[in-house]
Amino acid sequence: MNELTTIIAHTTGYKNSRQDTADYVLAHPELLNEFISICFQSENPDHYKACWALELIAIEQLEWLQDYLPLICTRSKILTNESAIRPLSKVLFLLLESHYKKTAHAIHFTKEQLQEMIELHFDWLITDCKVAAKVYAMRCLYLLGKEYDWIHPELKTILEKDFCTHTPAYKAVSKHILKKI
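Below you can see the structure in the form of structure tokens.
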């Protein structure tokens, strides 16, 4: 076990602990490749802890993830641990938001990667994921629907159908998205 894997293994759900892990990776960008790899090793019992830190890294250095989009897009769908999916759903939202803002440091998805994102987010929205992943999925699909005109009608149908059966958080974001569509 090297220092990075030890740090990840000792990460707890507390914000300070997650931030310490993120800060370690931010201070050692040469470890980013290994760190990202751990995030998507579902067989690694600590991969979800790495995802917790990935969310904080994305908030501070989103552009670092540009080179990892192929891995992120293909491997996100294999994760099943809700503790990994929740922070990853936020990371994907930040990446897609950056893609559509078209700023100097914007993230650039390929058409194939955008298709993978559409599939993944519809999967998260219609399967038995926790509410945070569903909320980020609907936000991502709303963004993607600005480019792919068939998404908004599909999203609207799902949100209207599922509205009554979900939590207040789901309903609040759903209502917000429905108004924008």
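Read the sequence shown against our numbering and you will find it ends at 190, with the numbers running on by one and no gaps.
Where a beta carbon is used, it is the ideal one built from N, C-alpha and C, also for glycine.
Less than 6 Å between C-beta atoms, sequence neighbours within five positions excluded: which residues of the same chain meet that for residue 150?
Residue 150 sits at position 141 when you count from the first residue of the sequence shown. Closer than 6 Å at Cβ, skipping near neighbours: 130, 160, 164.
Run the CB neighbour count on residue 138, radius 10 Å, all protein chains shown included, and call it buried at 16 or more, exposed below.
Start at 1 with the first residue of the sequence shown, and residue 138 comes out as number 129. Buried: at least 16 other Cβ atoms inside 10 Å.
Can you tell me which of the three DSSP states residue 9 falls into?
This structure gives no information on residue 9, because the portion of the chain shown stretches from 10 to 190.
Please report how far the alpha carbon of residue 87 lies from the alpha carbon of residue 118, in whole angstroms.
Counted from its first residue, the sequence shown places residue 87 at position 78. Counted from its first residue, the sequence shown places residue 118 at position 109. Computed Cα separation, rounded: 19 Å.
Is the separation between the beta-carbon of residue 49 and that of residue 13 shorter than 8 Å?
Here residue 49 is taken as the residue at index 40 of the sequence shown, counted from 1. Here residue 13 is taken as the residue at index 4 of the sequence shown, counted from 1. Result no, Cβ atoms of residue 49 and residue 13 do not sit closer than 8 Å.
Thinking just about the alpha-carbon of each residue, which of 89, 95, 83 is nearest to the one in residue 62?
Within the sequence shown, residue 62 is the residue found at index 53, counting from 1. Nearest option by C-alpha distance: 95.
Beta-carbon contacts of residue 16 that lie in its chain and below 6 Å, excluding the five residues immediately before and after:
On the sequence shown, position 7 is the one that residue 16 refers to. Hits under 6 Å: 30, 33.
Cβ-based neighbour list, residue 76, same chain, cut-off 6 Å, excluding 5 preceding and 5 following
The count along the sequence shown starts at 1 and reaches residue 76 at position 67. Nothing meets the Cβ criterion.
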